[in-house]
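Asker: Residue numbering for the sequence shown follows our numbering, starting at 1 and increasing by one per position.
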Amino acid sequence: MDSVAWGPYIEAPRSGAQSVEQVAQQLCQDNGLAADAAISPQKVATLVLQALAKQAAAADHYVAPLLEQQQKESAVVAHAHHQQRSAAVTRVVEAAVAQKLLHDGSPLTNLFNWDAFQQRLANLLAAFPEPEFNHALAVKTNPTRGLLRGARAEGFGAECASIAEAKHALSLGFEPRKVVYDSPCKTLGELREMLLAGVYINLDNEEEIRKVNEIFAELGDSEETKQKHAAQIGLRINPVVGGGTIDATSTATVTSKFGLPLTAETKPRLLAIFKQNSWLQGVHVHVGSQGCPLDLLAAGAKRAVNFALEVNAHVGHQQIRVLDIGGGMPTVYDGGEREAYDFQEYADAVRKQVPELFTSGFSSIITEFGRSIFVKPGVTVSKVEAVKDWAGQHIAVVHVGADQFPRTAYLPELWSHCISVLDSHGRPKTDPSSAYVRQDIAGPLCFSGDFLAKQLLLPPIQVGDFVVIHDTGGYTMSMHSKYNSRQVSSNFAYSATPSAVKFSLLKERETTEETLACWGLDCDVDL
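1. Beta-carbon separation of Ala308 and Ala349 under 8 Å?
2. Could you please give the first and the last residue of the uninterrupted alpha helix (DSSP H) stretch that includes Ser495?
3. Within 10 angstroms of its Cβ, does Asp450 collect 16 or more other Cβ (buried), or is it exposed?
4. Closer than 6 Å by C-beta to Phe571: which residues in its own chain qualify, once you throw out the five before and the five after it? Chain order, please.
5. Find the nearest neighbour of Thr141 within the set Met477, Ala80 and Pro261, judged by alpha-carbon distance.
6. Is the region 453 to 462 touching the region 352 to 359, taking contact as three or more C-beta pairs under 8 Å?
7. Between Arg407, Pro184, Val199 and Asn491, which has its C-alpha nearest Ala169's C-alpha?
8. What does the alpha-carbon distance come out to for the pair Ala435 and Gly157?
9. For the beta strand (DSSP E) containing His284, name the first residue and the last one.
10. Less than 8 Å between the CB atoms is what I'm expecting for Gly327 and Phe369, so what's the real figure, rounded?
11. Using the three-state DSSP reduction, which class does Ala517 fall into: helix, strand or coil?
12. So, Ser372 versus Thr331, is the Cβ gap smaller than 8 Å?
13. Straight-line CA distance for Ala161 to Ser382?
14. Give the DSSP bridge partners of Asn484, in chain order.
15. For Asn312, which residues in the same chain have their Cβ closer than 7 Å to its Cβ, ignoring the five residues on either side in sequence?
16. Looking at His286 and the ligand GDP, is the gap between the Cβ and the nearest heavy atom below 7 Å?
17. Please give me, in chain order, every unbroken run of the beta strand (DSSP E) with length at least 3 that falls completely inside the region 172 to 256.
18. So, for Ala95: in the same chain, excluding its five sequence neighbours on each side, which residues have a beta-carbon less than 6 Å away from its beta-carbon?
19. Taking Cβ positions, are Ala231 and Ser360 nearer each other than 8 Å?
20. Is Phe174 near Leu147, with beta carbons less than 8 Å apart?
21. Over what stretch of residues does the alpha helix (DSSP H) that includes Gln439 continue unbroken?
22. Would you report the Cα separation of Asp423 and Leu102, rounded to the nearest angstrom?
23. For Glu159, I'd like the list of residues in its chain whose CB is within less than 7 Å of its CB, leaving aside the five on either flank, ordered along the chain.
24. Under the three-state reduction of DSSP, which class applies to Phe451: helix, strand or coil?
25. How far does the beta strand (DSSP E) with Lys383 in it extend, from its first residue to its last?
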């Protein structure tokens, strides 16, 4: 296989000329591989599929439904890919079933690979070994206490998009200056509370600047006050470097709601704001999230650094001491371990394009990664409660849908997840590729759009089987909706050794009473 020239075979399915299955068969024939029992067209189809995904990641920086689209094209490819995905989770799900983490009273759970999480944290630290870096993980990605405590123990900070998230981080023992308060909608009281708590604050707009000036007027203009709050407040600017492939997660476009836009026309006004408010000692940018290539992320960081240096030149001293370059590293929702980029690639791109970030004397450099840390280690597992095979439709009904996966239900073309099916013991399904059928995975909510996926080629699903949704460690549990008053599911961390799979409870399943508590007081209206 090492001697095969892959290029023409990869380009064929990308151009739509042939199916992946046909390409695999042709490759075997051209290279004399078909007679080798160890190298079947099915195996080659998997290799072609992996090469396709890798090429798409390099070209487009975002692979959402690519592999699922290829599944629909060929039962052979669907079978090969499903075997590959399910093999990666079989041992863990089988152990979860055996240890009664999944049962009739708790038919849905989230499982989080603790070792993979720890490795991602270590990789990020290794990519940026400089002591001035504060890697503040985006709490909104996954606010689970146990996970955040684990990150805190490794020296990480917490990026918070609300006052509740900021209080959450402080309650978990994060150092106040490692907590980054980024909400675009802050009240006077919230700003005062976080300022006095010592939290680092990124302001979003001129109204927030006015509020902080009001707070400082209350506190007085003493040298002690200035020193206490030095390098504690920054301003978010929109670097206007453009968007990625997903509009909703691109935050550096001309129409973005975040920060103050930095253009040739607005620069004098921004420079004046910093000069008039000497306590503004940080610059913050965040270009976007999923769908943003490395060059775009680095371009945002470069704009921030250049502007910070212009501010310092404008005021005549180093006023800007903190540089927050945001997060935004994309991931690949393919059910595997591969990523579009790793942290070292990101660090290398920033060092190459923005060397001034490391040489300009900033006392603190903040990053805000979330998706690239949390997503891959997580899977969500649901028991199949019902199956409907009627009028040519094959629908499996499971215990999770748009309540935990709103993006998947409403925008499946952008936010699809790969799905695997295991039997009632958590073991692989043994159906041959010829038995695979197109099936819909329907959620439990009372509206017709509640689907996790439609028309996927999967082994025939039966009642009592388990459906595994891959890459769910971030932006799923934290987006849970109370529609239909569905209970939030349990959450476990796990560590797998050659001899055993060990689970640690992170969050119990909500009781019905806990779920219903959000609907207010049990009282009559008194008017």
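C-beta atoms are modelled at their ideal positions from N, C-alpha and C, and glycine is treated no differently.
Quick caveat, the model's predicted, so the values are computed rather than measured.
Answerer: In short, the structure shows the following:
1. Locating residue 308 in the sequence shown gives position 308, where the first residue counts as 1. Locating residue 349 in the sequence shown gives position 349, where the first residue counts as 1. The answer is no: Cβ separation not under 8 Å.
2. Indexing the sequence shown from 1 puts residue 495 at position 495. For Ser495, no alpha helix (DSSP H) segment is defined; the enclosing uninterrupted segment is the beta strand (DSSP E) at Ser490 to Ala496.
3. As a first step, residue 450 is located in the sequence shown; it is residue number 450 there, counting from the start. Asp450 should be labelled buried.
4. An answer regarding residue 571 cannot be provided, because it is not within the stretch 1 to 527 covered by the chain.
5. Sequence index remark: in the sequence shown, residue 141 carries index 141 (1-based). Looking only at Met477, Ala80 and Pro261, the smallest Cα-Cα distance to Thr141 is reached by Met477.
6. No: fewer than three Cβ pairs fall under 8 Å.
7. Reading the sequence shown from its first residue, position 169 is the one you call residue 169. Of the candidates Arg407, Pro184, Val199 and Asn491, the one whose C-alpha sits nearest the C-alpha of Ala169 is Val199.
8. Reading the sequence shown from its first residue, position 435 is the one you call residue 435. Reading the sequence shown from its first residue, position 157 is the one you call residue 157. If you take the alpha carbons of Ala435 and Gly157, they lie about 49 Å apart.
9. Here residue 284 refers to the residue found at position 284 of the sequence shown. Note, His284: beta strand (DSSP E), Leu280 to His284.
10. Position 327 of the sequence shown, counted from the start, is the residue given in the question as residue 327. Position 369 of the sequence shown, counted from the start, is the residue given in the question as residue 369. With a Cβ gap of about 4 Å, Gly327 and Phe369 count as contacting.
11. Here residue 517 refers to the residue found at position 517 of the sequence shown. The DSSP-derived three-state label of Ala517 is helix.
12. What you label residue 372 is simply residue 372 of the sequence shown in a count that begins at 1. What you label residue 331 is simply residue 331 of the sequence shown in a count that begins at 1. Their beta carbons are under 8 Å apart, which means Ser372 touches Thr331 by this criterion.
13. Within the sequence shown, residue 161 is the residue found at index 161, counting from 1. Within the sequence shown, residue 382 is the residue found at index 382, counting from 1. Cα to Cα, Ala161 sits roughly 30 Å from Ser382.
14. Working through the sequence shown from its first residue, we reach residue 484 at position 484. Bridge partners of Asn484: none, in fact.
15. By 1-based counting over the sequence shown, the position of residue 312 is 312. Here the set comprises Gln318, Gln319 and Ile320.
16. This structure simply doesn't include the ligand GDP, nor any ligand for that matter.
17. Scanning the region 172 to 256 from its first residue to its last, the whole beta strand (DSSP E) runs of 3-plus residues come out as 179 to 181, 200 to 203 and 233 to 238.
18. Locating residue 95 in the sequence shown gives position 95, where the first residue counts as 1. Counting only residues of its own chain and dropping the five nearest sequence neighbours on each side, Ala95 has a CB closer than 6 Å to the CB of Val501.
19. By 1-based counting over the sequence shown, the position of residue 231 is 231. By 1-based counting over the sequence shown, the position of residue 360 is 360. Taking 8 Å as the cut-off, the Cβ atoms of Ala231 and Ser360 do not count as close.
20. The residue labelled residue 174 in the question sits at position 174 within the sequence shown. The residue labelled residue 147 in the question sits at position 147 within the sequence shown. Their beta carbons are not under 8 Å apart, which means Phe174 does not touch Leu147 by this criterion.
21. One-based indexing of the sequence shown puts residue 439 at position 439. Per DSSP, Gln439 lies in no alpha helix (DSSP H); the unbroken beta strand (DSSP E) holding it starts and ends at Val437 to Ala442.
22. What you label residue 423 is simply residue 423 of the sequence shown in a count that begins at 1. What you label residue 102 is simply residue 102 of the sequence shown in a count that begins at 1. A straight-line Cα-Cα distance of about 13 Å links Asp423 and Leu102.
23. By 1-based counting over the sequence shown, the position of residue 159 is 159. Same-chain partners within the cutoff: Ala136, Leu137, Ala138, Val139, Val180, Asp182 and Glu368.
24. On the sequence shown, residue 451 is found 451 positions in, with the first residue counted as 1. Looking at Phe451 - three-state DSSP - the assignment turns out to be strand.
25. Stepping through the sequence shown from its first residue, residue 383 is reached at position 383. Secondary structure note for Lys383: its beta strand (DSSP E) is the uninterrupted segment Gly378 to Trp390.
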